[in-house]
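2 protein chains.
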Amino acid sequence: MSLTPAASAATDREEGSEFAPRFSADGLLTCVTVDARSGEVLMVAHMNAEALDKTLWSGIMHYWSRSRQSLWRKGDTSGQIQRLEELRVDCDQDALLARVSVGGDGGACHTGRRSCFYRRVENTADGPRLEPVAKM
Amino acid sequence: MSLTPAASAATDREEGSEFAPRFSADGLLTCVTVDARSGEVLMVAHMNAEALDKTLWSGIMHYWSRSRQSLWRKGDTSGQIQRLEELRVDCDQDALLARVSVGGDGGACHTGRRSCFYRRVENTADGPRLEPVAKM
Chain A
1 MSLTPAASAA
11 TDREEGSEFA
21 PRFSADGLLT
31 CVTVDARSGE
41 VLMVAHMNAE
51 ALDKTLWSGI
61 MHYWSRSRQS
71 LWRKGDTSGQ
81 IQRLEELRVD
91 CDQDALLARV
101 SVGGDGGACH
111 TGRRSCFYRR
121 VENTADGPRL
131 EPVAKM
Chain B
137 MSLTPAASAA
147 TDREEGSEFA
157 PRFSADGLLT
167 CVTVDARSGE
177 VLMVAHMNAE
187 ALDKTLWSGI
197 MHYWSRSRQS
207 LWRKGDTSGQ
217 IQRLEELRVD
227 CDQDALLARV
237 SVGGDGGACH
247 TGRRSCFYRR
257 VENTADGPRL
267 EPVAKM
C-alpha cells in the first residue's frame, strides 16, 4: 500500500526518530511534569520554543507563563528547581511528558503543595464540588 | 490583611470547594489521563464543557477532538473505553487529571501502544532526536 504524502508525514511523525514538535497557533506545547521517582503528576504547564530549547540544553525545566507572558525558569523564586531526568513526546508531538527531580522543599505548586492536583471533583445533588485529595 | 477582590477570587479558586473550571479562549481544558492502578500517564487531550459534563455524569471519558472538531467518546471505535475512577483539578482550575481504568486491549494510543508517550527526546551532536522508551 502506498501512502499519500499527508499519511506518510503523519506516520513519520508518529514512528520516526525526528523530533518535530507541533506548537499550537500561539506557539506553545503542553507539558505534563511528573516526579521521576514516584511518577506522581506534579503540574501541567506550557513551553514555547525558547523554553523547550533552554530546558533541553540546561537540564533545568523552563516554561512559558501564559498569565505573565514571559519565560519562567521554575524555582527561580521558590527554590523548587526541577531537574530534567527524561523528556518524552506523545504520538502526534504536541505534548511533552517531563520526568523531573524536584529541588527546594520538594514542592511544585505555588500554594506550597507537592502537586497542583490536590482536589478531586465529586458529583453531588447540587452539581460537582471539590474535595481535598488525601495525603497532599 | 484584607485581600483585593481579585486576590480573594484567586484564593477562592485555589482553596475553595467550588468547581469553577477555567476554559481557554477556545473553550477547552487540558486533561491528563493516567492509569488509575499504575499511575502511568497515558495521554493528554482536551475537553470542552459538553465533554466534561458527559464525563462527569456517565463516568466514561469524553474528549473534544481539536483535529476533527467534534465530541469524542474514547473507545467508541477502538474499544479502549476509559472508565473514570477519579477526576482532579489543578490549583487554578485550567487543567484536569483523570485517573481511569482502561477497557479493550488496555491501550490508550491510536498507534496500539498503552501510552502515547512512547518516545524520549535525546540530545545529540545533530540536535534532539527521538528514541523508543523501553517497555512500551
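Chains A and B, in that order, give the protein sequences.
Under the working numbering, think of the first position of the first sequence as 1, with each following residue one higher.
Under the working numbering, think of the first position of the second sequence as 137, with each following residue one higher.
In this text, a Cβ means the ideal position worked out from N, Cα and C, and glycines have one as well.
Model, not experiment: these values are computed from the prediction.
Where the beta strand (DSSP E) containing residue i begins and where it ends
i        : result
A:LEU130 : 127-132
A:TYR118 : Taken as a continuous stretch (DSSP letters only), A:TYR118 belongs to no beta strand (DSSP E), as it is neither H nor E.
B:SER160 : That residue, B:SER160, is in no beta strand (DSSP E); it is neither H nor E in DSSP.
A:GLU40  : Taken as a continuous stretch (DSSP letters only), A:GLU40 belongs to no beta strand (DSSP E), as it is neither H nor E.
A:ALA108 : Segment: none, A:ALA108 is in no beta strand (DSSP E) and carries neither H nor E.
A:GLN82  : 82-89
B:SER201 : 198-201
B:SER206 : 206-209
A:SER78  : Taken as a continuous stretch (DSSP letters only), A:SER78 belongs to no beta strand (DSSP E), as it is neither H nor E.
A:SER101 : 95-102
CB contact below 7 Å: residue i versus chain B
i        : result
A:LEU87  : yes
A:GLY95  : Looking at the sequence itself, residue 95 of chain A is Ala, so the reference to Gly does not match. Taking Cβ atoms only, chain B reaches closer than 7 Å to A:ALA95, which makes this a yes.
A:THR30  : yes
A:GLY39  : yes
A:ASP100 : As written in the sequence, residue 100 of chain A is Val, which differs from the Asp given in the question. No, no contact with chain B.
A:ARG114 : no
A:LEU56  : yes
A:GLU14  : yes
A:SER161 : For chain A, the structure presents residues 1 to 136; residue 161 of chain A sits outside this window and is missing.
Host alpha helix (DSSP H) of residue i (start-end)
i        : result
B:ASP189 : 185-194
Cutoff 8 Å; reference residue i; Cβ partners in own chain excluding five residues on either side
i        : result
B:THR247 : TYR254
B:LYS214 : What sits at residue 214 of chain B in the sequence shown is Ser, not Lys. Excluding sequence neighbours, B:SER214 sits near GLY240, GLY243 and HIS246.
B:ASP226 : LEU232 and LEU233
B:ASP212 : none
B:ASP191 : It is worth fixing the name first, because residue 191 of chain B is Thr in this sequence and not Asp. So the qualifying residues of the chain are MET183, MET197, HIS198, LEU220, LEU223 and ALA234.
A:SER24  : ASP94
B:LEU266 : ARG255, ARG256, VAL257 and GLU258
B:GLU154 : ASP148
Spatial neighbours of residue i in its chain, beta-carbon cut-off 6 Å, leaving aside the 5 residues before and after
i        : result
A:VAL32  : VAL44 and LEU97
B:ARG235 : VAL170, ALA172, GLU221 and GLU222
B:MET137 : Per-residue confidence for B:MET137 stands at a pLDDT of 49, beneath the threshold of 50, marking its modelled position as unreliable; the derived number appears in the next sentence. Cβ within range, chain order: n/a, list empty.
B:PRO264 : VAL257
7 Å Cβ cutoff, residue i in contact with chain A
i        : result
B:ARG256 : yes
B:ASP226 : yes
B:THR147 : no
B:PHE159 : no
B:THR247 : yes
Nearest neighbour of residue i, chosen from the options [CA to CA]
i        : options                         : result
B:ARG224 : A:PRO21, A:SER115 and A:TYR63   : A:SER115
A:ARG66  : A:ILE60, A:ASP76 and A:THR30    : A:THR30
B:ALA187 : B:THR260, B:VAL177 and B:LEU164 : B:LEU164
A:ASN123 : B:ALA185, B:SER194 and B:ALA146 : B:SER194
B:ASP162 : B:ALA261, B:SER174 and B:GLN205 : B:GLN205
Cβ neighbours of residue i in the same chain (closer than 7 Å, five flanking residues each side left out)
i        : result
A:PRO132 : TYR118 and ARG119
A:GLN93  : ARG13, ALA20, PRO21 and ARG22
A:LEU71  : GLU50, ALA51, HIS62 and TRP64
Test: residue i CB closer than 7 Å to a CB of chain C
i        : result
B:LEU266 : You won't find chain C in this structure, because its protein chains are A and B.
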